[in-house]
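In the numbering used here, the protein residues as written are 1 to 289.
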């Protein structure tokens with residue numbers, strides 16, 4: 001199986017001095033990319049394009065994730081803030097456009113169409129989620145489900161490219177890994193009350209809290225002591241930790257059904273990275289699967 005080296009290859013397209021000096025980019029979605037690379041390499045007809053497909057998907061996803069970081073608030077900004085915002089716009093556009101060039105050079109016109117359609121669908125899903133959140137018509141589980149769907153939609157295009165048992169397993173395992181990614185990030189957001197606005201924790205507290213707590217939460221998101229006390233009262237961390245562990249176990253169980261020791265090993269490695277490589281998770285999850 002080809003060595004996974006997408007982060008190294010992608011550096012050529014993402015590491016520019018101007019960007020590094022004035023703004024920060026999101027991380028590559030490593031778990032989903034590793035998963036895609038593993039599945040593509042398992043199918044002989046796709047093996048020769050496994051790096052190309054995974055690279056272009058990484059750039060498209062990075063472009064969308066970079067645009068998501070753009071602050072849309074109408075307020076006065078300092079010159080450095082304005083420069084950072086402008087570079088995020090330009091960088092996101094550049095990453096999103098580069099995949100056209102790479103695929104066109106390789107004669108992969110059909111894949112350009114598939115990816116473009118997927119990007120449109122991701123944007124539609126994001127708008128729908130945004131509207132539901134603005135209208136307060138969403139539960140914590142709705143938020144989790146919608147976020148997982150947004151994360152996985154671009155990668156779902158390979159359901160129509162993979163064959164046999166790989167095609168049958170791809171969608172479920174992709175959703176499982178995407179769910180693990182989202183839950184891990186939601187746990188990380190607990191480290192700062194400033195990042196909890198419109199998070200799983202926020203919607204859980206809005207759902208489970210008393211009328212008075214919900215009213216206060218809407219106006220006191222920057223009050224770390226208040227938010228942390230509610231999070232402890234409604235066991236936000238333990239619930240997210242349990243969900244992450246359950247999702248990880250489900251992915252490994254699905255991988256076991258593929259009857260491939262190679263795939264099982266690769267997918268277990270991906271899941272272990274999601275469970276243990278982020279500070280703060282190991283103590284709660286350090287159990288034998």
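Glycine included, every Cβ here is placed at the ideal spot set by N, Cα and C.
Residues near residue 19 in its chain [Cβ-Cβ closer than 8 Å; skip 5 each side]: Only 25, 87, 91 meet the Cβ criterion.
When the distance is taken between beta carbons, is residue 157 closer than 8 Å to residue 115? Yes; because the gap between Cβ atoms is below 8 Å, this pair is in contact.
Looking at the secondary structure, which residues open and close the alpha helix (DSSP H) in which residue 194 lies? No alpha helix (DSSP H) contains residue 194, which DSSP labels as neither H nor E.
Can you find the residues in the same chain that come closer than 6 Å, C-beta to C-beta, to residue 99, ignoring five residues on each side of it along the sequence? Answer for residue 99: 56, 59, 60, listed in chain order.
Which whole-angstrom value describes the C-beta separation of residue 46 and residue 177, a residue pair presumed to lie in contact below a C-beta threshold of 8 Å? About 19 Å separates the two Cβ atoms, so there is no contact after all.
Is residue 24 helix, strand or coil when you go by DSSP? Correct three-state label for residue 24: coil.
Start-end ranges of the alpha helix (DSSP H) lying completely within the stretch 152 to 199, minimum 4 residues: Correct list: 164 to 189.
When burial is assigned at 16 or more other CB atoms within 10 Å of the CB, is residue 243 buried or exposed? Label assigned to residue 243: buried.
Would you check if the stretch 134 to 141 and the stretch 193 to 211 touch, i.e. whether three or more CB-CB distances between them fall below 8 Å? Contact between the stretch 193 to 211 and the stretch 134 to 141 is present: 3 or more CB-CB pairs across the two stretches fall below 8 Å.
Whole-Å CB distance - residue 51 paired with residue 112, under 8 Å assumed: Contact between residue 51 and residue 112 does not hold, since their C-beta atoms are separated by about 17 Å, which reaches or exceeds 8 Å.
Quick one: residues in its chain with C-beta nearer than 7 Å to the C-beta of residue 65, no 5 flanking neighbours on either side, listed in chain order? Hits under 7 Å: 26.
When the Cα atoms are used, what is the spatial distance from residue 220 to residue 226? Those two C-alpha atoms are separated by around 7 Å.
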